[in-house]
Amino acid sequence: MHWLSHRLSALPNTFLLAWGWQRRGLSVLCGALAALALPPVEASFVLLLSFPGLVWLLDGALEPGATRLGKLRRGFAIGWLFGFGYFLAGLWWIGAAFLVEADRFAWLMPFAVLAMPLGLALFTGIGTALAALFWSDRFRRVLLLASCLMLADWVRGHVLTGFPWNSFGYGIAGSEALSQSASLVGLYGLSFLTVAIASTPALLADVRPLHQRLKAVVSAVLVLCAMAVFGTVRLWQPAPPATDLDIRIVQPAIAQEDKWRPDLRDEIFQTLLDMSEAPLGGEARVGQKRLIVWPESAVPFLLTQEPGALFRIGKALGSSSELVTGAVRSEPGAVGTSYYNSVYVLGSDGTVRGIYDKVRLVPFGEYVPFKPLLETLGITNLAGPLDGFEAGYQSRVLSTSESFSFLPMICYEAIFPGLPGIAGEEPSFLLNVTNDAWFGQTPGPYQHFSQARLRAIETGLPLIRAANTGISAIIDGRGSVVARLGVFETGLIDGRLPQRLGNTLYSITGDLPVLIVSIILVVFASIERYNRDSRKN
């Protein structure tokens, strides 16, 4: 037992006794290591090293005699550095977008690659600062840390326009069985469980009897096993029969630098039409009603203002198909023309049957916040040739002629957990159209796909995903991939729309239960801290 205790204390002491630049460097290193759990690496086991390291760094920095201000300052610094390492290692690929038009934007790439992690890390720092304020040497401090980081993740997903990209729960999303717990607690609940379980090995270094330390770790292992069993049982349940609606997903793999070239407009449009008319494959059935899906802004012009475009689409569709496509939409106004990033539903004769305008726009991609100020620094729209998009009024459900309804999600709208406010409407499936060509062969498209896939698990709804350069896929309500095309593959997916599952617990309750539990844990920790301080005085 003495030998084991000695071995267990060797690694923790590196963190517990660290100070100055050594502590700062270890904080950044732990955060960067945690990013390896994200796609495409998906090495979830690294969390068992990074989060214990974070706990030990906080243990070493928060000595019992520190003032509240000192605890807040040190806790924030460690968490901010951890978050900076995590987001820098997980989001470095955003720099690829600045190389598409390198002559204009390449000089901005270093600033963007650093600015986003610096900003997003503020939320992680606030979470660890709150945890530091009520920190103790008790086992339950890992629950406190998980609660505070989950609450910070939730705030990050809602403040301003929200940006929940790479929340900590995605660290185990690569496991199909473990990610099924999102159907119960959603993304933020998954973040809580991930941080709590991954942090628990830190307790082995506590100065307590070994059997007590092992008991705490075994408890975490049992929770992990329960998640795995639940997920396995959910995946093993017989899948309901597919619907009668056939799906064709078109992935044209148009390079971003070619997408808006005027001399290639007709060639790109004809490519989409030819792929839509190509011979059937996969599970496609001759003569069956079919929904064809093109990616985000697939049409390289204003669809309803191009002479003959709708006629050519109707001719390509024939009598048994409909089309859902992303396209830019314009609308004249009193002070000029407004542009929208939209989804169109077109009938078999090419007529417009429904339109959805994107509600959540990408900051600095589809619109520029504080544009007059930032234009003086050379920052303008990075997502296309237009001056910027207007946001749609609200999310809405669209329908096909076969009475299948779907919730459209354009590009990064698919990273937001749960369903938006669509009271009284229950869609048959989720539909995500996107264009990740900006980011090339980087982790970006893989992370985006993983996050969209979790929406299917959360809601029990199948997901149809059409991406210009991949990853396109048909995904069932348990997040299982029925068919897919990889990054920069040119091709088609022919399949059938999976049946929606029943409402999940998360689709009924949303984030409220997890938020309440986390807030209660923080309140209990604050009361315990206050009682201990009172006894000392």
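Residue numbers (this note's numbering): 366 to 902.
Where is the CB? At the ideal position from N, CA and C, for every residue including glycine.
Roughly how many angstroms lie between the CA atoms of Val560 and Thr834, to the nearest whole one?
Working through the sequence shown from its first residue, we reach residue 560 at position 195. Working through the sequence shown from its first residue, we reach residue 834 at position 469. The alpha-carbon atoms of Val560 and Thr834 are separated by roughly 33 angstroms.
Take every Cβ of the segment 563-572, pair it with every Cβ of the segment 434-450, and state whether three or more of those distances are shorter than 8 angstroms.
Short answer: they don't touch.
In three-state terms, what does DSSP make of Tyr705?
To locate residue 705, count along the sequence shown from 1; it is residue 340. In the structure shown, Tyr705 sits in a strand (DSSP, three-state: E or B).
Excluding sequence positions up to five away, which residues of its chain have a Cβ less than 6 angstroms from the Cβ of Leu495?
One-based indexing of the sequence shown puts residue 495 at position 130. Once the five neighbours on either side are set aside, the close Cβ partners of Leu495 are Cys513.
Using the Cα positions of Pro750 and Thr799, report the straight-line distance between them to the nearest angstrom.
The residue labelled residue 750 in the question sits at position 385 within the sequence shown. The residue labelled residue 799 in the question sits at position 434 within the sequence shown. Any reading at Pro750 is ruled out, since the residue's pLDDT is 44, under 50, leaving its predicted position unreliable.
Check the C-beta distance from Lys723 over to Gly701 and give it rounded, since I have them as a contact under 8 angstroms.
Translated into the one-based positions of the sequence shown, residue 723 becomes position 358. Translated into the one-based positions of the sequence shown, residue 701 becomes position 336. The Cβ separation is near 19 angstroms, so there is no contact.
Identify the continuous beta strand (DSSP E) that holds Glu687 and give its terminal residues.
In the sequence shown, counting from the first residue as 1, residue 687 sits at position 322. It spans Ser686 to Gly698 - the beta strand (DSSP E) in which Glu687 sits, taken as one unbroken run.
Can you tell which of Leu862, Gly390 and Leu711 has the C-alpha that lies nearest to the C-alpha of Asp609?
If you number the sequence shown from 1, residue 609 lands on position 244. Ranking Leu862, Gly390 and Leu711 by Cα distance to Asp609 puts Leu862 first.
Which residue's Cα is closest to the Cα of Val710: Pro697, Phe771 and Glu731?
Position 345 of the sequence shown, counted from the start, is the residue given in the question as residue 710. Selected option, being the one with the closest Cα: Phe771.
Can you confirm whether Leu398, when its beta carbon is compared against all beta carbons of chain C, has any partner nearer than 9 angstroms?
The chain inventory of the structure shown lacks chain C, comprising one protein chain alone.
Spatial neighbours of Met640 within its chain, please: CB distance less than 8 angstroms, with the 5 preceding and 5 following residues excluded, ordered by chain position.
Against the sequence shown, residue 640 aligns to sequence position 275. Within the same chain, Met640 has close Cβ partners Val615, Pro617 and Leu857.
I'd like to check one pair, Val478 with Trp457: are the Cβ atoms closer than 9 angstroms?
Mapped onto the sequence shown, residue 457 falls at position 92. Mapped onto the sequence shown, residue 478 falls at position 113. It is a contact, given that the beta carbons lie within the stated cut-off.
Using 10 angstroms around the beta-carbon of Ser362, count the other beta-carbons present and answer buried if the total reaches 16, otherwise exposed.
For residue 362 there is no data in the structure shown, the boundaries of the chain being 366 and 902.
Label Ala748 either buried or exposed according to how many other C-beta atoms from any shown protein chain fall within 10 Å of its C-beta, with 16 as the threshold for buried.
Taking the sequence shown and counting its residues from 1, one reaches residue 748 at position 383. Bear in mind that the predicted position of Ala748 carries a pLDDT of just 41, short of 50, making it too unreliable to give a figure here.
Give the single residue among Asp841, Tyr895 and Leu850 whose Cα lies nearest to the Cα of Pro606.
Position 241 of the sequence shown holds residue 606. Here the closest residue by C-alpha is Asp841.
Is the closest heavy atom of the ligand MG to the C-beta of Leu638 under 8 angstroms?
Ligands are entirely absent from the displayed structure, and the ligand MG is therefore not among its contents.
Round the Cβ separation of Leu314 and Ala538 to the nearest angstrom and send it over; I've been treating them as touching at under 8 angstroms.
The question about residue 314 has no answer, for the chain in this structure spans 366 to 902.
Assuming Ile836 and Val847 make a contact with CB atoms under 8 angstroms, what is their CB distance in whole Å?
Taking the first residue of the sequence shown as 1, we reach residue 836 at position 471. Taking the first residue of the sequence shown as 1, we reach residue 847 at position 482. About 13 angstroms; that fails the 8 angstroms criterion.
Tell me whether the segment 622-639 and the segment 888-899 touch, counting them as touching only if at least three CB pairs, one residue from each stretch, are closer than 8 angstroms.
The segment 622-639 vs the segment 888-899: no contact.
Can you list, in chain order, the residues of its chain whose CB lies under 7 angstroms from that of Ser540, leaving out five sequence neighbours each side?
What you label residue 540 is simply residue 175 of the sequence shown in a count that begins at 1. Closer than 7 angstroms at Cβ, skipping near neighbours: Ser409.
Would you report the Cα separation of Leu369 and Leu575, rounded to the nearest angstrom?
Within the sequence shown, numbered from 1, the residue matching residue 369 stands at position 4. Within the sequence shown, numbered from 1, the residue matching residue 575 stands at position 210. Confidence is the limiting factor: at Leu369 the pLDDT is only 47, short of 50, which leaves the residue's position unreliable, though a coordinate-based value still follows. Approximately 9 angstroms between the Cα atoms of the pair.
Going by DSSP, what residue range makes up the alpha helix (DSSP H) through Thr493?
In the sequence shown, residue 493 corresponds to position 128, counting from 1. Met474 to Leu498 is the extent of the alpha helix (DSSP H) around Thr493.
Within the same chain, show all residues whose beta-carbon is closer than 6 angstroms to that of Tyr811, passing over the 5 residues directly before and after it, in chain order.
Here residue 811 refers to the residue found at position 446 when the sequence shown is read from its first residue. Result list for Tyr811: Pro404 and Pro405, in chain order.
Measuring CA to CA, which of Lys680, Trp530 and His523 is closest to Gly809?
Counting from one through the sequence shown, the residue named residue 809 turns up at place 444. Nearest of Lys680, Trp530 and His523 to Gly809, Cα basis: Trp530.
By how many angstroms is the C-alpha of Asp502 removed from the C-alpha of Ser662?
Walking along the sequence shown from the start, residue 662 turns up at place 297. Walking along the sequence shown from the start, residue 502 turns up at place 137. For Ser662 and Asp502, the distance between alpha carbons rounds to 54 angstroms.
Which term fits Ala497, buried or exposed, when burial requires 16 or more other beta carbons within 10 angstroms of its beta carbon?
As a working mapping, residue 497 is identified with position 132 in the sequence shown. It is buried - the Cβ of Ala497 has at least 16 other Cβ atoms within 10 Å.
Between which two residues does the beta strand (DSSP E) containing Ser770 stretch?
As a first step, residue 770 must be located in the sequence shown, where it is residue number 405. Segment Ser770 to Ile775, the beta strand (DSSP E) holding Ser770.
CA-CA distance, Tyr553 and Leu667?
Residue numbering aside, residue 553 sits at position 188 when the sequence shown is read from its first letter. Residue numbering aside, residue 667 sits at position 302 when the sequence shown is read from its first letter. Answer to the nearest angstrom: the Cα atoms are 39 angstroms apart.
Which term fits Cys590, buried or exposed, when burial requires 16 or more other beta carbons within 10 angstroms of its beta carbon?
The residue you call residue 590 lines up with position 225 of the sequence shown. Exposed, since its Cβ has fewer than 16 Cβ neighbours within 10 Å.
Would you tell me roughly how many angstroms separate the C-alpha atoms of Asn746 and Gly753, rounded to the nearest one?
As a position in the sequence shown, residue 746 is number 381, starting the count at 1. As a position in the sequence shown, residue 753 is number 388, starting the count at 1. With a pLDDT of only 49 at Asn746, under the threshold of 50, the placement of this residue in the model should not be trusted, and no figure is reported.
From the DSSP output, in three-state form, read off Ala517 for me.
Position 152 of the sequence shown holds residue 517. The answer is helix: DSSP assigns Ala517 an H, G or I state.
Tell me, which residues are paired with Tyr721 by DSSP?
As a position in the sequence shown, residue 721 is number 356, starting the count at 1. BP columns for Tyr721 point to Val708.
Near Ser764, which residues of its chain fall below 6 angstroms by C-beta distance, leaving aside the five closest residues on each side in sequence?
Position 399 of the sequence shown, counting from 1, holds the residue named residue 764. Hits under 6 angstroms: Ser770.
Which residue marks the beginning of the alpha helix (DSSP H) containing Phe814, and which one marks its end?
Here residue 814 refers to the residue found at position 449 when the sequence shown is read from its first residue. That run of the alpha helix (DSSP H) goes Pro808 to Thr824.
What is the DSSP secondary structure of Ala618, counted as helix, strand or coil?
As a position in the sequence shown, residue 618 is number 253, starting the count at 1. Of the three classes helix, strand and coil, the one that applies to Ala618 here is coil, per DSSP.
Flag this pair as yes or no: are the beta carbons of Val727 and Cys776 separated by less than 9 angstroms?
Residue 727 sits at position 362 when you count from the first residue of the sequence shown. Residue 776 sits at position 411 when you count from the first residue of the sequence shown. Against a cut-off of 9 angstroms, the Cβ pair of Cys776 and Val727 comes out as a contact.
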